[in-house]
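Asker: In the numbering used here, the protein residues as written are 1 to 208.
Quick one: structure below, then a few questions.
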(Lines of atoms letter the chains of each structure in order from A and count residues from 1; the text may use other names and numbers.)
(Lines give C-alpha, C1' and ligand atoms only; values in the text may rest on other atoms or scores of the structure.)
Protein backbone atom coordinates (compact mmCIF):
# COMPACT_ATOMS: atom_id res chain seq x y z
CA UNK A 1 0.00 0.00 0.00
CA UNK A 2 1.37 3.41 -0.95
CA UNK A 3 2.08 5.98 1.75
CA UNK A 4 -0.58 8.72 2.00
CA UNK A 5 0.46 12.01 0.48
CA UNK A 6 1.55 14.65 2.98
CA UNK A 7 -0.41 17.78 2.09
CA UNK A 8 0.36 19.72 5.27
CA UNK A 9 3.64 21.19 4.03
CA UNK A 10 5.35 19.72 7.11
CA UNK A 11 7.76 16.82 6.75
CA UNK A 12 7.51 13.93 9.19
CA UNK A 13 10.72 13.81 11.22
CA UNK A 14 11.36 10.23 10.09
CA UNK A 15 11.63 11.42 6.49
CA UNK A 16 13.88 14.41 7.24
CA UNK A 17 17.69 14.45 7.01
CA UNK A 18 19.22 13.81 10.43
CA UNK A 19 20.93 17.20 10.40
CA UNK A 20 17.58 18.93 9.97
CA UNK A 21 16.05 16.95 12.83
CA UNK A 22 19.00 17.78 15.09
CA UNK A 23 18.68 21.50 14.32
CA UNK A 24 14.96 21.46 15.12
CA UNK A 25 15.54 19.62 18.41
CA UNK A 26 18.35 22.01 19.31
CA UNK A 27 16.04 25.02 18.89
CA UNK A 28 13.45 23.39 21.14
CA UNK A 29 16.05 22.77 23.86
CA UNK A 30 17.45 26.29 23.63
CA UNK A 31 13.99 27.85 23.87
CA UNK A 32 13.52 26.13 27.22
CA UNK A 33 16.25 28.29 28.73
CA UNK A 34 16.53 31.35 26.46
CA UNK A 35 14.38 33.91 24.70
CA UNK A 36 14.39 33.59 20.92
CA UNK A 37 16.05 36.98 20.46
CA UNK A 38 19.08 35.87 22.50
CA UNK A 39 19.58 32.61 20.59
CA UNK A 40 22.18 32.82 17.81
CA UNK A 41 22.73 30.52 14.85
CA UNK A 42 26.06 29.69 16.48
CA UNK A 43 24.18 28.54 19.61
CA UNK A 44 21.92 26.36 17.48
CA UNK A 45 24.86 24.83 15.59
CA UNK A 46 26.71 24.10 18.83
CA UNK A 47 23.65 22.57 20.50
CA UNK A 48 22.81 20.43 17.46
CA UNK A 49 26.36 19.44 16.57
CA UNK A 50 25.92 20.37 12.91
CA UNK A 51 27.52 22.96 10.66
CA UNK A 52 25.99 26.42 11.01
CA UNK A 53 25.58 26.62 7.22
CA UNK A 54 22.97 23.86 7.38
CA UNK A 55 20.63 26.14 9.34
CA UNK A 56 20.56 28.56 6.42
CA UNK A 57 20.32 25.74 3.91
CA UNK A 58 17.30 24.10 5.53
CA UNK A 59 15.49 27.06 7.09
CA UNK A 60 16.79 30.28 5.53
CA UNK A 61 17.45 31.82 8.93
CA UNK A 62 16.69 31.21 12.59
CA UNK A 63 13.20 32.71 12.28
CA UNK A 64 12.39 30.25 9.52
CA UNK A 65 13.52 27.54 11.92
CA UNK A 66 11.30 28.96 14.66
CA UNK A 67 8.30 28.89 12.34
CA UNK A 68 9.02 25.29 11.37
CA UNK A 69 9.29 24.19 15.00
CA UNK A 70 5.96 25.88 15.69
CA UNK A 71 4.39 24.29 12.60
CA UNK A 72 5.35 20.83 13.79
CA UNK A 73 3.88 21.49 17.23
CA UNK A 74 0.69 22.91 15.72
CA UNK A 75 0.29 19.83 13.54
CA UNK A 76 0.52 17.51 16.56
CA UNK A 77 -1.82 19.74 18.56
CA UNK A 78 -4.51 19.87 15.88
CA UNK A 79 -4.32 16.12 15.33
CA UNK A 80 -5.02 15.67 19.05
CA UNK A 81 -7.86 18.21 18.98
CA UNK A 82 -9.53 16.38 16.11
CA UNK A 83 -9.20 13.09 17.98
CA UNK A 84 -10.54 14.60 21.20
CA UNK A 85 -13.68 15.92 19.52
CA UNK A 86 -14.66 12.63 17.88
CA UNK A 87 -17.81 11.21 19.44
CA UNK A 88 -18.55 14.24 21.62
CA UNK A 89 -22.14 15.43 21.30
CA UNK A 90 -23.18 19.03 21.84
CA UNK A 91 -21.39 22.29 21.21
CA UNK A 92 -20.91 23.17 24.88
CA UNK A 93 -19.32 19.80 25.59
CA UNK A 94 -17.06 20.26 22.56
CA UNK A 95 -16.09 23.74 23.72
CA UNK A 96 -15.19 22.46 27.18
CA UNK A 97 -13.04 19.71 25.68
CA UNK A 98 -11.36 22.14 23.29
CA UNK A 99 -10.56 24.52 26.13
CA UNK A 100 -9.21 21.70 28.31
CA UNK A 101 -7.01 20.38 25.50
CA UNK A 102 -5.59 23.86 24.84
CA UNK A 103 -4.74 24.56 28.48
CA UNK A 104 -3.29 21.06 28.81
CA UNK A 105 -1.11 21.53 25.71
CA UNK A 106 0.10 24.95 26.86
CA UNK A 107 1.07 23.50 30.24
CA UNK A 108 2.63 20.29 28.92
CA UNK A 109 4.68 21.82 26.10
CA UNK A 110 5.99 25.16 27.29
CA UNK A 111 8.13 25.59 24.18
CA UNK A 112 5.00 25.38 22.03
CA UNK A 113 3.05 27.86 24.14
CA UNK A 114 6.04 30.20 24.44
CA UNK A 115 6.57 30.31 20.67
CA UNK A 116 2.87 30.63 19.83
CA UNK A 117 1.90 33.25 22.39
CA UNK A 118 5.13 35.22 22.87
CA UNK A 119 7.85 34.74 20.29
CA UNK A 120 6.24 34.98 16.84
CA UNK A 121 3.55 37.62 17.18
CA UNK A 122 5.67 40.76 17.15
CA UNK A 123 6.98 40.10 13.63
CA UNK A 124 4.86 40.92 10.59
CA UNK A 125 6.44 38.11 8.55
CA UNK A 126 4.74 35.56 10.79
CA UNK A 127 1.31 36.72 9.62
CA UNK A 128 2.38 36.15 6.02
CA UNK A 129 3.74 32.65 6.67
CA UNK A 130 2.34 29.19 6.09
CA UNK A 131 2.72 28.58 9.82
CA UNK A 132 0.25 31.37 10.58
CA UNK A 133 -2.21 29.88 8.12
CA UNK A 134 -1.85 26.61 9.96
CA UNK A 135 -2.44 28.26 13.34
CA UNK A 136 -5.76 29.57 12.06
CA UNK A 137 -7.05 25.99 11.77
CA UNK A 138 -7.73 26.09 15.51
CA UNK A 139 -9.82 29.24 15.10
CA UNK A 140 -11.79 27.60 12.29
CA UNK A 141 -12.50 24.54 14.44
CA UNK A 142 -13.61 26.78 17.29
CA UNK A 143 -15.87 28.76 14.97
CA UNK A 144 -17.50 25.57 13.65
CA UNK A 145 -18.34 24.53 17.21
CA UNK A 146 -19.76 27.96 18.05
CA UNK A 147 -21.87 28.01 14.88
CA UNK A 148 -23.17 24.54 15.74
CA UNK A 149 -24.11 25.79 19.20
CA UNK A 150 -25.94 28.82 17.83
CA UNK A 151 -27.76 26.67 15.28
CA UNK A 152 -28.98 24.10 17.81
CA UNK A 153 -29.85 26.67 20.50
CA UNK A 154 -27.07 25.86 22.95
CA UNK A 155 -25.47 29.27 22.46
CA UNK A 156 -27.01 32.68 22.16
CA UNK A 157 -28.05 34.04 18.80
CA UNK A 158 -27.83 37.70 19.82
CA UNK A 159 -24.01 37.74 20.11
CA UNK A 160 -21.77 37.67 17.05
CA UNK A 161 -20.06 34.32 16.53
CA UNK A 162 -16.85 36.22 15.79
CA UNK A 163 -17.09 37.97 19.16
CA UNK A 164 -17.70 34.63 20.88
CA UNK A 165 -14.67 33.10 19.17
CA UNK A 166 -12.41 36.01 20.09
CA UNK A 167 -13.67 35.93 23.66
CA UNK A 168 -12.84 32.23 24.01
CA UNK A 169 -9.39 32.71 22.48
CA UNK A 170 -8.69 35.79 24.58
CA UNK A 171 -9.74 34.29 27.90
CA UNK A 172 -7.69 31.12 27.36
CA UNK A 173 -4.64 33.15 26.40
CA UNK A 174 -4.80 35.63 29.24
CA UNK A 175 -5.52 33.01 31.89
CA UNK A 176 -2.51 30.96 30.74
CA UNK A 177 0.00 33.71 29.90
CA UNK A 178 1.18 34.56 33.43
CA UNK A 179 2.04 30.91 34.08
CA UNK A 180 3.89 30.72 30.76
CA UNK A 181 5.84 33.94 31.32
CA UNK A 182 6.74 33.21 34.96
CA UNK A 183 7.14 29.45 34.46
CA UNK A 184 4.46 28.45 36.92
CA UNK A 185 2.29 25.36 36.91
CA UNK A 186 -1.12 25.54 35.23
CA UNK A 187 -3.80 23.56 37.08
CA UNK A 188 -5.48 22.35 33.88
CA UNK A 189 -8.79 21.21 35.34
CA UNK A 190 -9.17 24.29 37.54
CA UNK A 191 -8.32 26.68 34.70
CA UNK A 192 -10.76 24.87 32.41
CA UNK A 193 -13.58 24.99 34.98
CA UNK A 194 -13.04 28.69 35.66
CA UNK A 195 -12.77 29.61 31.97
CA UNK A 196 -15.94 27.66 31.16
CA UNK A 197 -17.81 29.11 34.12
CA UNK A 198 -16.92 32.61 32.96
CA UNK A 199 -17.65 32.06 29.29
CA UNK A 200 -20.70 29.84 29.31
CA UNK A 201 -22.80 32.06 31.53
CA UNK A 202 -22.16 34.82 29.04
CA UNK A 203 -22.86 32.92 25.82
CA UNK A 204 -25.55 30.38 26.74
CA UNK A 205 -29.16 31.44 26.21
CA UNK A 206 -30.73 33.43 29.00
CA UNK A 207 -33.17 31.40 31.08
CA UNK A 208 -36.83 32.49 30.68
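Using N, Cα and C, we set each Cβ at its ideal position, and we do this for glycine too.
In its own chain, which residues sit with a C-beta less than 7 angstroms from the C-beta of residue 19, not counting the 5 before and 5 after it?
Answerer: Your numbering for residue 19 matches position 19 in the chain shown. The residues are 50 and 54.
Asker: Less than 8 angstroms between the CB atoms is what I'm expecting for residue 113 and residue 104, so what's the real figure, rounded?
Answerer: By one-based count along the chain shown, residue 113 stands at place 113. By one-based count along the chain shown, residue 104 stands at place 104. Not quite, the Cβ-Cβ distance comes to about 11 angstroms (not below 8 angstroms), so this is no contact.
Asker: Less than 9 angstroms between the C-beta atoms of residue 183 and residue 110, yes or no?
Answerer: Taking the first residue of the chain shown as 1, we reach residue 183 at position 183. Taking the first residue of the chain shown as 1, we reach residue 110 at position 110. Against a cut-off of 9 angstroms, the Cβ pair of residue 110 and residue 183 comes out as a contact.
Asker: Could you work out which residue in 56, 37, 163 and 26 is closest to residue 123 when comparing CA atoms only?
Answerer: For the purposes of this step, residue 123 is taken as the residue at position 123 of the chain shown. Ranking 56, 37, 163 and 26 by Cα distance to residue 123 puts 37 first.
Asker: Measure the Cβ-Cβ separation of residue 192 and residue 57 and say whether it is below 9 angstroms.
Answerer: By one-based count along the chain shown, residue 192 stands at place 192. By one-based count along the chain shown, residue 57 stands at place 57. No, Cβ-Cβ distance for residue 192 and residue 57 is not below 9 angstroms.
Asker: In the structure shown, what three-state DSSP assignment does residue 160 receive?
Answerer: Counting from 1 along the chain shown, the entry for residue 160 is found at position 160. For residue 160, the three-state secondary structure derived from DSSP is coil.
Asker: What is the DSSP secondary structure of residue 219, reduced to helix, strand or coil?
Answerer: Residue 219 lies beyond the residue range present for the chain, which begins at 1 and ends at 208; the question has no answer from this structure.
Asker: With DSSP as the reference, label residue 40 as helix, strand or coil.
Answerer: Along the chain shown, read from residue 1 onward, the residue named residue 40 stands at position 40. Residue 40 falls in the coil class under three-state DSSP.
Asker: Using the Cβ count rule (16 or more neighbours within 10 Å means buried), how would you classify residue 162?
Answerer: For this step, residue 162 is matched to residue 162 along the chain shown. Label assigned to residue 162: exposed.
Asker: Using 8 angstroms for Cβ pairs, my map puts residue 78 next to residue 138. What's the rounded Cβ distance?
Answerer: Here residue 78 is taken as the residue at index 78 of the chain shown, counted from 1. Here residue 138 is taken as the residue at index 138 of the chain shown, counted from 1. At roughly 7 angstroms, the Cβ-Cβ gap stays under 8 angstroms, so residue 78 and residue 138 are in contact.
Asker: Please determine if the stretch 124 to 138 and the stretch 170 to 183 are in contact, where contact requires at least 3 C-beta pairs separated by less than 8 angstroms.
Answerer: no
Asker: Counting Cβ pairs, one atom from each stretch, are 3 or more of them under 8 angstroms apart for the stretch 160 to 179 and the stretch 75 to 91?
Answerer: Taking one beta carbon from each stretch, the stretch 160 to 179 and the stretch 75 to 91 have fewer than 3 pairs nearer than 8 angstroms; the two do not touch.
Asker: Helix, strand or coil: how does DSSP classify residue 55 here?
Answerer: Counting from one through the chain shown, the residue named residue 55 turns up at place 55. Helix at residue 55.
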